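Numbering (the working numbering), first residue to last: 27 to 456. Glycine included, every Cβ here is placed at the ideal spot set by N, Cα and C. As the structure is a computational prediction, the values presented were derived from the model and not from experiment.
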Amino acid sequence: MPAYAILGAQWGDEGKGKIIDYLSQRANIVARFSGGNNAGHTVINDMGDFSLHLVPCGVFSKSVTNVIGNGVVVDPDVLIEEMQALEKAGIDISHSLMVSERAHLIMPYHVMLDTLAENRRGKQAIGTTGKGIGPAYSDKTLRTGIRAADILDLENLKVRLESVLPYTNAILEKIYAVEPVTTESILEKAANWKNRLGSFIKPVGRYVNDVLDDGGTVVLEGAQGILLDLDHGTYPFVTSSSPTIGGAITGLAIQPRHITSVLGIFKAYNTRVGSGPFPTELFDDVGESIRTVAREFGTTTGRARRIGWFDGVLARYSNRVNGYTSAVVTRLDVLDHIDSIKVCVGYKLGTDILDEPPGGVAALEKCSPIYETLEGWDIPTAGISDLSNLPTNARVYIDRLENLIGCPIDIISTGPHRDQTIMVKDILTP
Ligand code: GDP
Ligand code: IMO
Ligand code: MG
C-alpha cells in the first residue's frame with residue numbers, strides 16, 4: 027500500500043504526464059494500465075522536454091520501476107523506438123522497464139485496419155489516432171490477439187499466426203481489397219521484437235502486488251480520459267479501452283484494496299481531439315486564442331484540439347463514475363488572459379434541465395449548456411507554486427470547479443514544468 031490512480035477526467039490530454047512525473051518522485055513503481063501509443067504524455071522537467079507514448083512517465087525518477095500492464099496494447103516497433111529515443115536523451119531504462127507477458131501486441135495489420143476502417147466510415151469517422159488501437163483490442167476480445175508472451179516462443183507463434191491470419195486476411199482482401207499479410211513477414215519482425223524486448227517481458231501482476239504488499243508506493247498511470255471510455259464515454263466516439271478506475275484494476279491485476287487515492291486530472295477548460303459531441307465547444311475568437319496561447323495541438327497526431335469552456339455536468343459525471351478522492355486542475359495559467367470565463371453548470375435538453383449527461387450520443391448533441399460567468403484575474407497565475415500567491419478571482423474559479431466536480435482540488439498546475447505546481451494538500455503523506 028498505497029496505489030495512487032491518476033485518471034484522465036475529461037477527453038484526454040489533461041496533463042496526466044506532468045502530474046505523474048511530479049508524483050513519481052516519491053514512488054517505487056509507475057504502471058500504465060490501458061491504451062497504447064494513441065496516448066501522448068508530455069513531461070517537462072530539468073532533464074528536458076519529452077513526449078511519451080508507451081513508456082510510463084516514471085522514467086525520469088531514479089529507482090522507479092516502470093511497468094506496462096496487461097491492459098495496454100503495445101506496438102513493439104514503437105516501444106523499441108521510444109526506448110532508443112530516451113537512451114539518446116541520456117535516460118537509460120534498460121533496468122527499470124517491465125512489460126506484462128499478458129499485454130496484447132499491436133501488429134502491423136492492426137495499423138492497416140485502423141486506417142482502412144476510418145476511411146470507410148466517411149463522415150461517421152471517429153477520428154482515431156490511426157495507431158491500430160481499435161483493431162488490436164477487437165482481436166483481444168475476439169480471442170484472436172497476439173500477446174507479448176507469444177513472441178517468446180516463435181515456433182508456437184507461427185502456429186498461432188497460421189490460425190488467426192486467414193480471418194484477418196479475408197477482411198483485408200475481401201472487404202478492403204488490399205494485399206494480405208504473410209506469416210513469414212510477421213515472424214521476421216517477431217524475431218527482432220523477441221531479441222530487443224524479450225528480456226523486458228515478465229509476470230508484472232505478481233511483482234506489482236508484491237511491492238504493494240511490502241508497503242511500496244505505486245502510481246497507476248492512466249491514458250486517455252473517462253469521456254473516451256468504451257463504456258462510459260461518448261460512444262461510439264471513444265477509444266477501445268477502459269481509462270476509468272475499473273480499467274486500472276483489470277489492466278494491472280492489482281487488488282482494489284490497495285488503491286488509496288483516485289486522482290481525477292481536469293484541465294481548467296475542456297478539449298477534445300477527433301469527432302463526437304462537445305456541448306461547450308467554442309467556435310469563436312476566445313477558443314482560437316486559447317488554442318494559440320496554450321498550443322493545443324495533439325501530442326500524438328499534431329491535430330488541432332477542439333476547445334471549450336469547463337463542463338461542470340461532465341465533471342460531476344466523471345466524479346460519479348471514478349469516485350475521485352482528489353481532483354487536480356491543470357493549465358489554470360492558460361486562462362490568465364481571459365476577462366470573463368464561462369463554466370457550464372447544467373444542460374438544457376428540450377424543456378428539461380439535466381445535471382448529468384444523457385447516455386445516448388444523439389441526445390448529448392442536442393444538449394445546450396447553461397453557463398455561469400466568472401470574472402478573470404488581473405495577476406497572472408503562470409508559474410505560481412504557492413497557493414497564497416494565487417489571485418483572488420483565480421481562487422474563486424477553483425472553488426467553483428471544486429463545487430461542480432464534487433471533490434477537493436488538491437493540486438493546481440500553473441505551467442508545464444514539474445515545478446510549476448501548487449500542492450494544496452500533500453496527498454502523498456498519509
Ligand atoms: P496528457 O496526455 O494528459 O499527459 O496531456 P498532454 O501531454 O497530451 O497535453 C497536456 C499539455 O499541457 C502538454 O503540452 C503539457 O506540457 C501541458 N501542461 C500540463 N500542465 C500544464 C499547465 O499547468 N500549464 C500549461 N500551460 N501547460 C501545461
Ligand atoms: P492521452 O493519454 C486525447 C482519441 C482520438 C479519437 C479517439 C479514438 O494523451 O490523453 P483511438 O486511436 O484511441 O482509437 O482514437 O480517442 N484519443 C485521445 N484523445 N488524448 C489521448 O490520450 C487519446 N487517445 C485517443 O483522438 O478521438
Ligand atoms: Mg496526451
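Do residue j and residue i count as a contact pair if the criterion is CB distance below 8 Å?
i    : j    : result
G62  : T276 : no
V369 : F323 : no
G248 : A31  : yes
V93  : H130 : no
V104 : A53  : no
D47  : V81  : no
T325 : S77  : yes
G334 : E314 : no
V237 : G84  : no
M73  : I45  : no
I212 : A175 : no
I410 : I424 : no
A162 : H136 : yes
T356 : C433 : no
V339 : G372 : yes
Cβ of residue i within 7 Å of any heavy atom in the ligand MG?
i    : result
A65  : yes
T325 : yes
D39  : yes
What would DSSP say about residue i, mapped onto helix, strand or coil?
i    : result
N182 : helix
F336 : strand
R346 : helix
S77  : strand
R52  : coil
I364 : coil
H258 : coil
P10  : The structure shown does not extend to residue 10, since the chain spans only 27 to 456, so no value can be given for it.
R173 : strand
G31  : Reading off the sequence, residue 31 comes out as Ala, not Gly. Strand at A31.
N63  : coil
Y373 : strand
P395 : strand
I70  : strand
R298 : strand
I117 : coil
N96  : coil
Using 8 Å for Cβ pairs, my map puts residue i next to residue j. What's the rounded Cβ distance?
i    : j    : result
T286 : P28  : 4 Å
R331 : V360 : At roughly 12 Å, the Cβ-Cβ gap does not stay under 8 Å, so R331 and V360 are not in contact.
Output needed for residue i: all residues of its chain with C-beta closer than 6 Å, excluding positions within five of it in sequence on either side, in chain order.
i    : result
G231 : A279
S394 : K374
R329 : V299
V354 : I45, L289, I291 and I437
G38  : Q250, G251 and L254
P206 : N195, L198 and E199
E428 : I435
Under 7 Å: does the beta carbon of residue i sit that close to some heavy atom of the ligand GDP?
i    : result
P442 : yes
S50  : no
R357 : yes
I405 : no
V354 : no
K42  : yes
T68  : yes
A320 : yes
V245 : no
CB-CB under 8 Å to residue i, same chain, minus the five flanking residues each way: which ones, in chain order?
i    : result
G349 : I271 and V288
Y261 : V387
T141 : G156
Under the criterion of a Cβ to heavy atom distance below 7 Å, does residue i qualify as lining the ligand IMO?
i    : result
L254 : yes
A330 : no
I159 : yes
S439 : no
T270 : no
Could you tell me if the beta carbon of residue i falls within a distance shorter than 7 Å of some heavy atom in the ligand FAD?
i   : result
G34 : This structure lacks the ligand FAD; its bound ligands are the ligand GDP, the ligand IMO and the ligand MG.
Step through the CB atoms of chain B and report whether any lies within less than 8 Å of the CB of residue i.
i    : result
D118 : Considering every chain present, this structure includes no chain B. It has just one protein chain.
Leaving out five residues on either side along the sequence, give the residues of the same chain with a beta carbon under 7 Å from the beta carbon of residue i.
i    : result
N235 : I280 and Q281
V319 : V360 and H363
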